[in-house]
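Numbering (UniProt numbering), first residue to last: 1 to 542. Presented below is the structure to which this report refers.
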Amino acid sequence: MSGPVSGTNRSEAVWWQSGTVYQVYPRSFQDTDGDGVGDLRGITARLDYLAWLGVDAVWISPFYRSPMADFGYDVADYCAIDPLFGTLADFDTLIGEAHRRRLKVILDFVPNHSSIEHPWFVESRASRAARKRDWYIWRDAGPDGGPPNNWLSNFGGPAWTRDPATGQYYYHAFLPEQPDLNWRNPEVRAAMHDALRFWLDRGVDGFRVDVIWHLIKDEGFRDNPHNPDFEPHQAGINRFHQTYSCDRPEVLDVIAGMRAVLRDYGERVLIGEIYLPIERLMAYYGPELGGADLPFNFQLIQTPWRADAVAALVAEYEAALPEGGWPNWVLGNHDQPRIAARVGEAQERVAAMLLLTLRGTPTLYYGDEIGLGHVPVLPERAQDPWGRNEPGHGRDPERTPMQWEDAPNAGFTTGTPWLPLSADADRRNVETMRDDSRSILTLYRRLLSLRRDHPALSIGNWRNLTLDTDLAAEVFGFERFAGDETLRILLNFSTREWRVPLHERGAWTILLSTHAGRTGERVEGGLALGPDEGVILSPVGG
Ligand code: GLC
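Now the structure itself:
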């Protein structure tokens, strides 16, 4: 019944392999000064919660000085904290307090583009002869007098904006307020490496690098080819394949340069944000694994929520990993619809079990552990610039405030929250759910605790279970194993009950079920797997 073994045995795993990452979107985690926007002190105040939950590292989305055109993904100073979020002293406190609780801190690094207000860009746009002109990407108009080529912005419209001061166009893969830096320029690389060192010297444990596959563009700025499969409901950028605007081979050299900076500081992690198909994603581990430690794997977000599709994805991803490449998985982030909204309340529990039992580093998105779903945001309260440019693509519903207690604004702020809370915030909050043995929060905590206690789950190998065709269409089964321990995971993606045969190995114990009341149950010969149920099984006596 068992398929081939996949993956490498590791005798010693480093923290970012065995551990779990938790993403905080700082605007929405905890406000302490009543302005309706979260801050660094708020994160510090909630570190006990993160330790209680059982995660190992916290990745914080950007809090650098910024005019907030893209809520901090437009950086005006790579080495300063925006006053909205606090001060450097607040940051030092945060990192000290995190480390005291054995929590690692991962920063979001945004090197592809700066804010239009960054002094580098101000200097660059001043004249064609400016000393920093070449720090950004300037081009003359195309032959028709319009933009230099057909590249589009990820947030709608052209990716080139003409600057009247010099008559040239600058390139921006995102908003016009986010000009792309020229990573072919060694001075840019050196300045960015200095920014990395600034934070490493303050004790950070690693970086999640924003749109890392974008850093290098085609040297000849060739037009992107048309995408014949474009559909009108897609964002405009999909009219073209991004063949020349990103994922260029030279980017691996840039990433190796960043890795080299981190290497001087010991066990630091480099996570790269990369939206690419599996075969391209793997290239980002780099030659001889000198690339990103964890090229972010968004496949669970992009794959249809069916047992057979997810099983095929996991097998394909595992098989594609380069020797020594460590996997990673994630269900959501600040750019993607919430997992609870996508799969529904019954399946979100199966999703949690999947995320925390697959082989590889899981990243949890804040609020998923309380089952936050799509929180509707009225058009007049819309914040996300992408949604304003391209209606239907706004990311506000997945960025709403964390809900802590049954109190005004769920304890997030004493002011007016920048985005609304969910309608059921009086029940859907940490305080209410933490003592409820049936809550999704309790399930997440138990899963995290099991993952810590069982090396089979945290660093063990993975193998697929071959199930009968009917069963495999709706149930995904696999094993995790390390040393003498083998655990079996069965996940029912359907709303019907399945009987899963368990012939070999004798009796099993249910270590954890997504359904209340089954933990500790002994099963032999076969298991009745309930609708929308997931279980982790351990062989009795081994
Ligand atoms: C990344 C971020 C996203 C941001 C974009 C531009 O995709 O995750 O939030 O808008 O980069 O920086």
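Using N, Cα and C, we set each Cβ at its ideal position, and we do this for glycine too. Small disclaimer: the values here were computed from a predicted structure and weren't measured.
1. So, for Val343: in the same chain, excluding its five sequence neighbours on each side, which residues have a beta-carbon less than 7 Å away from its beta-carbon?
2. In angstroms with no decimal places, state the Cα-to-Cα distance between Ile271 and Asp31.
3. Determine the contact status of Asp532 and Ala346, defining contact as a CB-CB distance below 7 Å.
4. With Arg41 as the anchor, note down where its alpha helix (DSSP H) starts and where it stops.
5. Would you say the beta carbon of residue 543 is closer than 6 Å to some non-hydrogen atom of the ligand GLC?
6. Would a C-beta distance cut-off of 7 Å place Val37 and Arg27 closer than the cut-off?
7. Can you grab the Cα-Cα spacing for the pair Gly387 / Asp396, in whole Å?
8. Could you check which residue in Asp468, Arg438, Gln168, Trp151 has the C-alpha nearest to that of Lys217?
9. How many Å lie between Pro4 and Phe476 at the Cα?
10. So which of Asp33, Leu53, Asp39, Ala13 has the shortest CA-CA distance to Leu450?
11. Note down the Cα distance separating Asn9 from Leu448, rounded to an integer number of angstroms.
12. Flag this pair as touching only if the segment 106 to 118 and the segment 74 to 85 have three or more C-beta atom pairs under 8 Å; answer yes or no.
13. How would you label Gly373, buried or exposed, when you count the other beta carbons within 10 angstroms and need 16 or more for buried?
14. If the criterion is Cβ atoms closer than 7 Å, does the pair Phe91 and Ile81 meet it?
15. Does the beta-carbon distance from Asn182 to Tyr136 come in below 7 Å?
16. Tell me, which residues are paired with Trp160 by DSSP?
17. Alpha carbon to alpha carbon, what distance is there between Leu84 and Thr486?
18. Could you check what DSSP says for Pro4 in three-state terms: helix, strand or coil?
19. Could you pull out every residue in the same chain whose Cβ sits closer than 7 Å to the Cβ of Thr432, ignoring the five residues on either side in sequence?
20. Under DSSP, the beta strand (DSSP E) around Asp77 begins and ends at which residues?
21. Does at least one heavy atom of the ligand HEM sit under 6 Å from the Cβ of Val500?
22. Kindly list the residues whose CB is nearer than 7 Å to the CB of Trp329, restricted to its own chain and excluding five residues on each side of it in sequence; keep chain order.
23. Should Val310 be counted as a contact of the ligand GLC given a C-beta to heavy atom distance under 6 Å?
24. Grab the span of the beta strand (DSSP E) containing Glu318 for me, first residue to last.
If we stick to the structure as given:
1. Trp305, Ala351
2. 27 Å
3. yes
4. 40 to 45
5. Outside the displayed range of the chain (1 to 542) lies residue 543, so it cannot be described from this structure.
6. yes
7. 8 Å
8. Trp151
9. With a pLDDT of 34 at Pro4, under the threshold of 50, the modelled position of this residue cannot be trusted; read the value that follows with caution. If I take the Cα positions, the gap works out to 16 Å.
10. Leu53
11. Because Asn9 sits at a pLDDT of 43, beneath the cut-off of 50, its placement in the model cannot be relied upon, and the following sentence gives the value as read from the coordinates. So the two alpha carbons sit approximately 22 Å from each other.
12. yes
13. buried
14. yes
15. yes
16. Tyr171
17. 49 Å
18. Residue placement at Pro4 is flagged as unreliable, the pLDDT there being 34, under the threshold of 50; a coordinate-derived value is accordingly withheld.
19. Asp406
20. 77 to 81
21. What this structure holds is the ligand GLC, not the ligand HEM.
22. Asn297, Leu300, Leu355, Leu358, Gly360, Pro362
23. no
24. Unbroken run through Glu318 is the alpha helix (DSSP H), 307 to 320; no beta strand (DSSP E).
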